[in-house]
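Residue numbers (this note's numbering), protein chains in the order written: chain A, 1 to 325; chain B, 1 to 176; chain C, 1 to 642; chain D, 1 to 203.
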Amino acid sequence: MRRLLALVPLALLAGCSGMQSMSEGAGFGSHLFNQLMLLFLVVTGISYAAVLLFLTMAVVGRRNEGGEPRLQALLIAWTGFILIGLILLTGASFLSDRREAREGSDRTPLKVTVNANQWWWGIEYQNDDPSQSLRTANELHLPVGRPVELKLNAGDVIHSLWIPALAGKQDLIPGRENDLRVVPTRIGHYRGQCAEYCGLQHAHMAFDVTVESPQAFAAWYKAQSQPAPEPADPGIKAGHDFFMSHACAMCHAIGGTPANGTTGPDLTHVASRKTIAAGTLPMTRGALMGWIANPQGVKPGARMPAVGMTPDELHAVASYLETLK
Amino acid sequence: MPHVGPRFRARLFWLLIAGFCLLSSCRQSDRSQTSDPRAEGAGGGAILSDPAQQGYSTSAFHIGEGQRLYSWMNCAGCHGPHGGGGMGPSFMDAEWRYGGGMADIVRSIDGGRPNGMPSFHDRLTGQQMWQLAAYIRSLSGLAPKDVVPSRGDQMSSKAPITQRSPDKPAEPREPY
Amino acid sequence: MTATEHPADVPRDGPELDGPELDRILSETWGDKPGLIGWLTTVDHKRVGKRYIFTAIGFLLLGGILALIMRLQLARPDSGLITADRYNQIFTMHGSTMMFLFAVPVMEAFGVYLVPLMVGTRAISFPRLNAFSYWLYLCGGIMLWVAFLRDVGPDIGWFAYTPLSGPEFSPGKRADFWAQLITFTEVAALAVAVEIVATILKQRAPGMRLDRIPLFVWGMLVTAFMVIFSMPAVTLASSFLLSDRLVGTQFYNATEGGSALLWQHLFWFFGHPEVYIIFLPGLGFVSAIVETFCKRPVFAYPIMVAALVTTGLLAFGLWVHHMFATGLPRLGYAFYTAASMSIALPSGVQIFCWIATMWDSRPRMEVPMWWVVGFIITFVIGGLTGVMVASVPLDLELHDTYFIVAHFHYTLIGGAVFPLLGAITYWFPKITGRMMGDRLGKVAFGFVFAGFHLTFMPMHFTGLLGMPRRVYTYPAGMGWSALNLTSTIGAFVMALGVVLFLANLVRSLGNGAIAGDNPWGAASLEWATTSPPRPYNFAHIPAVTSHTPLWEESLPVFSGLRVEHRELVLTTVVEALPDVRDPSPTPSIWPLLAALATTGLFIWSIFSPWALVWGAIPVGIALTLWFWPKSSPDTHQEPVIE
Amino acid sequence: MSMRQTFAGDLAVLPTHAFGTRSLTWWGVIAYMLIEGGGFALAAGAYFFLMSQETVWPPSSHPPDLLPGVLFTLIILLSEIPNTLLKKAAESEQRRRVLLLIVLLDLFGLALLVIRGFEFAHINVRWSDNAYGSIVWALLLLHTIHILTDWAESVVLTALMFTRHGTEPRRFVDVSEDALYWRFVWITWLPIFALLYLAPRFV
């Protein structure tokens, strides 16, 4: 009930919650943000109302009869009010910052390394046994309630990993490893986006976040650890062969196939993702074909070149990629 | 060609707003990547006759992309981190075994060369080859000084290209 | 009295030389040559101040047009109106133009025009340096905009974080033109800051003790010191960036020992004082306007001065709140949260004192006062959202979102541009001799105020809904579309307001009502001169007996300054006792030529490091001839240099 | 003017030039010292920031050779003697002594610029090798520009003193402030010397 109460003024103010809205409160960080923002709104609201009231009285109301001493007394009161307000807000923000750091410290955190490159996210789930670690791109699956520690590295320029519905952002700076702790508290689909200007396609550098039950997460993790299935149907085989013999394999990697390029996103289970091209297009056959045929049309300046192919080669490759569930 | 539409409308709109674009946007820092796959991929011949070829060697953007491709495609493995040479020949001197012109270098990348240079015919798109060729020529100082980046963000033991005097290549020789 | 000097032997102003006869001689001594030559060689702080203001407003319009284009692009999701590259150039140019080519210069320009008049002297302290500063600023602005129109405009943001602005990820010369613009505007701003400090400390009218200095002049003094201490940081940072991009130094290259955070520390050490450099003169404008239209000195003058000085000092202690998301130690952040919060105290106190002044008197609600009321309503919201983003947990969500865009537009437009438009209306009669239209002034205020809130209030919610900054487009279905459309409509309403304001300005130039010397019945010294002021400002240097000189029954003056040579009086720093008669430099072409030589040096150094060596020769020659004293006809007179 | 005007005093009795804080140009010189001092302090801050990034300092090469640096420091400290005498002579307006001392000071400046050339030759690192090399070159270059501009101004002032303009009292004010600025030049050199030559050896 308390959380709903916190949401009411914010929802009023924020119009509604969306999958990329801070007031969503689906993570402990975002939940704390709501509470703290509410406290700030109350304190600043009161002071703003006081200023407006005093201003209206000064411009249109009766003149001050009390003379200088009355003004001085009011000034001392006003300074005191500001001081108390600031101390209260500073203290509250410091305490909630500490509180967020302690949250979920009793549970073993999930370890994920994020490698940001110009205009996509490389995600790697670490595991104690390295063979169990999992590489994916532009999406993050998280078990609800379990804290996740993200190791943030940048491969080229400064980016900023930000999932508004879950927690605050943290920059990824080349030559420096930052970390971010997120504790998801509500199951659902959310969207994160790069928040630090990183060049031509900074606007199209988003990623999907799915918070699910631990069982669903384990099932997803196991499915993602499997290599790509061998293509059976000749049409799909043609797509597979084109992929392996052309520029695609130079940049992309598909588990269980000779393609092991690391400069582009890992496509082993690309069809299982909600979006492609870092959250720019939905994962549908039409969008896939449009993106492969002409990446500059969708993301002008993106590092994916337009590989020359005939229409049936395009259909074959699309069919092959659709099998990579 | 859906792609050309918005660009043309945007350029017209921009000219309306700017009013007096003094000179045509100088090629040096034009960020647009050609993305018409038809002209590049279909046949071997098409790659070599890229219409914008003369623009690559003086475009800072394309040389920058060439620098990225040089490390991504692991050319450094044979030709050394800054084209200093290794198993493969060096790009920093004036010695061009198969010719130092843009087209010669693209031909080497496209078709490969005997004793070790693999063919990247299907491995790279036409534009990537032109960008690589522009970067390779800049390593020996053939690109204009104000177009070449002073350094990369990687470790480098060499003095920046802008600080080295360029080695003018000998007359390009007929390929063997 | 030195041996070579007898007071009686040269003509001096005084009871026997006064009125139109004195005006004729002084106008001839202090005037400029006619026509273009006079225009290019003038060192009159009023002429240079006017053209500074005119150029800065020109850049405001250019920046405004870019803002409208950005709003058109963001009006609807996935809009193809502008390509990503063009949008990145436009938002960088909008930020850089507004911050470096409009905001700081226009505030310093008002200081250049008004400070000498308000402290009661005849010229700004280093007038030729003042002319040099304007020409350099103009050349810098032209260079950046020519580069932008030739598609070589910077596309790295007005903050140019490395390594995106470094040699590898910003190929070509785009980032270099931005970095060189910083050098241009820094040298110009530092020059003006030095002049303002020297003018305020040494050239105050006799009797203007420290506690009798007008609040606007205090604001300019604190601003000048902030410029002096903050601008070297960004000059150093942009020079390091230029050398990284030109000769391959490794300042910001993480793999070779450098660090991207070095740029952020150096830039924001300048960045935050920069926004207070823009904001403090705005507070000075408000104090001047409130004092005049309430016919009462601003309440608690010493506390207001203390608040200005505290804001100036605190501004240097909180730059890391721009870097809360870069992963620095959390305990350090707690200090910066406290520091950032504490700066709300002096501002809050000043807001109280203005309102108390209005409450304790009968404020005449003329157009400038409307802008002051608009300022208080808008700026306080900006200040309070500033308190929000000072807190680390809130800032980690709000940083680099449209909430921040709303915050700084509320503080910069609300806190500086509103008082500026009020100040233009307030001092227009003094500068041009005519009144601005009252009705059209109020209509323009209405449109700007309504348009501003219609544009930037929705941005708070766009930010809360998760829209990041500097995105050239956004997907549909995020809940941002309607809010962005509202902002776009608001932007055009505000633009209409600005157009109306300028129309009122231009119309009043021609046929506004004739304004006397003191149309508003103000108290400060600039209203003791004619409208527009004569080239020599004051026929006789005034004596100041109180904090509001023109509200006293009489204005005592001093006599005894030479009339055939430019001369003004220097006074002691604290008590302002008359101390020395100092010659003031005469008009000269050399500041313009030195500025052109420096421009050549700066632009050439974008392309080759040897520019520093060879380019310095013409600059050296120009400076030498600038300082070389002109030989004067009779020997025992003192020729003037500098 | 609308208000009654009464004459409260006569400024004619005031002198037309003065030294020290009574001179307007003194305040201009002090303001530019604040600017350049701020610049040097921030450059030193950048030096410490980059030093904190490395485990071993200097990361690659040897620190700059001591000989040219120490020689430069000694001579620049030595130059304070003629500098102080020059300031006193200027403030007591003894033209002959001023002419003698200012030429001597210019020669000191020339000698120091030559030694600075050797310092650059013995810096043992290229500016493009690493961040250490960059900041070392930056600090030395900033100070060299500082010395060069002050020396050039002194030469111009010396030339001016030899012309008939040199007879005016105001020129002595300029000489006094030029001596003050030279004092600022070697005061800023001491911390830079410590950073360039001593810090890598003893930290």
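Just so you know, even glycine gets a beta-carbon here, dropped at the ideal spot from N, CA and C.
Whose C-beta lies closer than 7 Å to the C-beta of residue 313 (chain A) among residues of the same chain, with five residues either side of it excluded? One-based indexing of the first sequence puts residue 313 (chain A) at position 313. Hits under 7 Å: 242.
When burial is assigned at 16 or more other CB atoms within 10 Å of the CB, is residue 240 (chain A) buried or exposed? Within the first sequence, the letter at position 240 stands for residue 240 (chain A). By the neighbour-count rule (16 or more Cβ atoms within 10 Å), residue 240 (chain A) is buried.
Distance CB(residue 130 (chain D))-CB(residue 59 (chain D)) smaller than 8 Å: Reading the fourth sequence from its first residue, position 130 is the one you call residue 130 (chain D). Reading the fourth sequence from its first residue, position 59 is the one you call residue 59 (chain D). Going by C-beta atoms, residue 130 (chain D) is nearer than 8 Å to residue 59 (chain D).
Closer than 8 Å, Cβ to any Cβ of chain C: which residues of the segment 17 to 37 of chain D, in chain order? Listed by position along the chain: 17, 18, 21, 22, 23, 24, 25, 27, 28, 31, 32, 34, 35, 36.
Quick test of your reading: residue 312 (chain C) and residue 216 (chain C), contact by CB under 8 Å. State the CB separation rounded to the nearest angstrom. Numbered from 1 along the third sequence, position 312 holds the residue referred to as residue 312 (chain C). Numbered from 1 along the third sequence, position 216 holds the residue referred to as residue 216 (chain C). Between residue 216 (chain C) and residue 312 (chain C) the Cβ distance is about 15 Å, and since that is not below 8 Å, they are no contact.
Just verifying my parser: in three-state terms, what is the DSSP assignment at residue 150 (chain D)? In the fourth sequence, counting from the first residue as 1, residue 150 (chain D) sits at position 150. Helix, per DSSP.
Quick test of your reading: residue 122 (chain A) and residue 162 (chain A), contact by CB under 8 Å. State the CB separation rounded to the nearest angstrom. Locating residue 122 (chain A) in the first sequence gives position 122, counting from the first residue. Locating residue 162 (chain A) in the first sequence gives position 162, counting from the first residue. Here residue 122 (chain A) is actually not in contact with residue 162 (chain A); their C-beta atoms are around 17 Å apart, not less than 8 Å.
Where residue 200 (chain C) falls: helix, strand or coil (DSSP): Sequence index remark: in the third sequence, residue 200 (chain C) carries index 200 (1-based). Under the three-state reduction of DSSP, residue 200 (chain C) is assigned to helix.
Among D:71, D:137, D:143, whose alpha-carbon lies nearest the alpha-carbon of residue 40 (chain D)? Counting from 1 along the fourth sequence, the entry for residue 40 (chain D) is found at position 40. The candidate whose alpha carbon is nearest that of residue 40 (chain D) is D:143.
Between the Cα of residue 142 (chain B) and the Cα atoms of B:33, B:58, B:31, which residue gives the shortest distance? By one-based count along the second sequence, residue 142 (chain B) stands at place 142. The option with the nearest alpha carbon to residue 142 (chain B) is B:58.
Using alpha carbons as the reference points, say which of C:272, C:529, C:320 lies closest to residue 226 (chain C). Taking the third sequence and counting its residues from 1, one reaches residue 226 (chain C) at position 226. Comparing Cα positions, the closest option is C:272.
When you compare each of C:407, C:542, C:393 to residue 96 (chain A) by their alpha carbons, which one comes out closest? Locating residue 96 (chain A) in the first sequence gives position 96, counting from the first residue. Checking every option, the nearest Cα to that of residue 96 (chain A) belongs to C:393.
Which residues of chain C have a Cβ atom closer than 7 Å to the Cβ of residue 43 (chain D), listed in chain order? Walking along the fourth sequence from the start, residue 43 (chain D) turns up at place 43. The answer, in chain order, is 236.
Would you call the segment 38 to 54 of chain C in contact with the segment 466 to 485 of chain C, where contact means no fewer than 3 C-beta pairs closer than 8 Å? No, because fewer than three Cβ pairs between the segment 38 to 54 of chain C and the segment 466 to 485 of chain C fall closer than 8 Å, the two stretches do not touch.
On the premise that residue 149 (chain A) lies in contact with residue 98 (chain A), defined as a C-beta separation below 8 Å, what is that separation, rounded to the nearest angstrom? Position 98 of the first sequence, counting from 1, holds the residue named residue 98 (chain A). Position 149 of the first sequence, counting from 1, holds the residue named residue 149 (chain A). By a beta-carbon distance limit of 8 Å, residue 98 (chain A) does not contact residue 149 (chain A). Their separation comes to about 18 Å.
Using C-beta distances below 7 Å, list every residue in its chain close to residue 444 (chain C), excluding the 5 sequence neighbours before and after it, in chain order. Residue mapping note: residue 444 (chain C) aligns to position 444 of the third sequence, counting from 1. Excluding positions up to five away in sequence, the list reads 497, 500, 501, 504.
Inter-residue Cα distance where the pair is residue 564 (chain C) and residue 28 (chain D): Within the third sequence, residue 564 (chain C) is the residue found at index 564, counting from 1. Within the fourth sequence, residue 28 (chain D) is the residue found at index 28, counting from 1. Residue 564 (chain C) and residue 28 (chain D): Cα-Cα distance of roughly 26 Å.
Would you report the Cα separation of residue 209 (chain A) and residue 475 (chain C), rounded to the nearest angstrom? By one-based count along the first sequence, residue 209 (chain A) stands at place 209. By one-based count along the third sequence, residue 475 (chain C) stands at place 475. Going from the Cα of residue 209 (chain A) to the Cα of residue 475 (chain C) covers about 17 Å.
Tell me, to the nearest whole angstrom, how far the beta carbon of residue 544 (chain C) is from that of residue 208 (chain C); I am working on the premise that it is less than 8 Å. Here residue 544 (chain C) is taken as the residue at index 544 of the third sequence, counted from 1. Here residue 208 (chain C) is taken as the residue at index 208 of the third sequence, counted from 1. Their Cβ separation, rounded to whole angstroms, is 4 Å, which keeps residue 544 (chain C) and residue 208 (chain C) in contact under 8 Å.
Inter-residue CB distance, residue 244 (chain A) and residue 227 (chain A) (contact presumed, cutoff 8 Å): Taking the first sequence and counting its residues from 1, one reaches residue 244 (chain A) at position 244. Taking the first sequence and counting its residues from 1, one reaches residue 227 (chain A) at position 227. Contact flag wrong, Cβ pair sits at about 14 Å.
Residues of the segment 26 to 47 of chain A with Cβ closer than 9 Å to any Cβ of chain C, in chain order: 29, 30, 32, 33, 36, 37, 40, 41, 43, 44, 45, 47
For the beta strand (DSSP E) containing residue 432 (chain C), list its first residue and its last residue. What you label residue 432 (chain C) is simply residue 432 of the third sequence in a count that begins at 1. Residue 432 (chain C) -> not in any beta strand (DSSP E); alpha helix (DSSP H) instead, spanning 418 to 432.
CA nearest to the CA of residue 164 (chain A), picked from C:397, C:336, C:458: Locating residue 164 (chain A) in the first sequence gives position 164, where the first residue counts as 1. Out of C:397, C:336, C:458, C:397 has the C-alpha closest to the C-alpha of residue 164 (chain A).
Which residues, in chain order, does the segment 458 to 488 of chain C contribute to contact with chain B at a C-beta distance below 7 Å? none
Nearest residue (CA-CA) to residue 179 (chain A), options A:33, A:134, A:275, A:170: On the first sequence, residue 179 (chain A) is found 179 positions in, with the first residue counted as 1. Out of A:33, A:134, A:275, A:170, A:170 has the C-alpha closest to the C-alpha of residue 179 (chain A).
Taking Cβ to Cβ, would you say residue 433 (chain C) is nearer than 8 Å to residue 524 (chain C)? As a working mapping, residue 433 (chain C) is identified with position 433 in the third sequence. As a working mapping, residue 524 (chain C) is identified with position 524 in the third sequence. In this structure, residue 524 (chain C) does not lie closer than 8 Å to residue 433 (chain C) by Cβ.
Limits of the beta strand (DSSP E) - the one that residue 557 (chain C) falls within: The residue you call residue 557 (chain C) lines up with position 557 of the third sequence. First-last of the beta strand (DSSP E) with residue 557 (chain C): 557 to 559.
In chain A, what lies closer than 8 Å to residue 122 (chain B) by C-beta? Residue mapping note: residue 122 (chain B) aligns to position 122 of the second sequence, counting from 1. Neighbours of residue 122 (chain B) on chain A, chain order: 245, 246, 247.
Relative to chain B, which residues along the segment 582 to 609 of chain C have a C-beta separation below 7 Å, given in chain order? 607
For residue 332 (chain C), count neighbouring Cβ atoms within 10 angstroms of its own Cβ and tell me buried if that reaches 16, exposed if not. For this step, residue 332 (chain C) is matched to residue 332 along the third sequence. By the neighbour-count rule (16 or more Cβ atoms within 10 Å), residue 332 (chain C) is not buried but exposed.
Tell me which same chain residues have a C-beta within less than 6 Å of the C-beta of residue 221 (chain C), skipping the five on either side of it? Counted from its first residue, the third sequence places residue 221 (chain C) at position 221. Once the five neighbours on either side are set aside, the close Cβ partners of residue 221 (chain C) are 200.
Can the beta-carbon of residue 43 (chain C) be found closer than 8 Å to that of residue 588 (chain C)? Mapped onto the third sequence, residue 43 (chain C) falls at position 43. Mapped onto the third sequence, residue 588 (chain C) falls at position 588. Cβ distance < 8 Å, so residue 43 (chain C) and residue 588 (chain C) count as in contact.
So within the segment 24 to 87 of chain A, which uninterrupted alpha helix (DSSP H) runs reach at least 4 residues, ignoring any that extend past its ends? Within the segment 24 to 87 of chain A, the complete alpha helix (DSSP H) segments of 4 residues or longer fall at 28 to 60, listed in chain order.
Can you pull the chain D residues whose beta carbon is under 9 Å from the beta carbon of residue 648 (chain C), in chain order? Residue 648 (chain C) lies beyond the range of chain C shown here (1 to 642); nothing can be said about it.
Residue-level contact to chain A via CB, residue 365 (chain C), 8 Å cutoff: Indexing the third sequence from 1 puts residue 365 (chain C) at position 365. Judged by the 8 Å Cβ criterion, residue 365 (chain C) is in contact with chain A.
Measure from the C-beta of residue 61 (chain B) to each C-beta in chain C and report whether the shortest distance is under 8 Å. Here residue 61 (chain B) refers to the residue found at position 61 when the second sequence is read from its first residue. Taking Cβ atoms only, chain C reaches closer than 8 Å to residue 61 (chain B), which makes this a yes.
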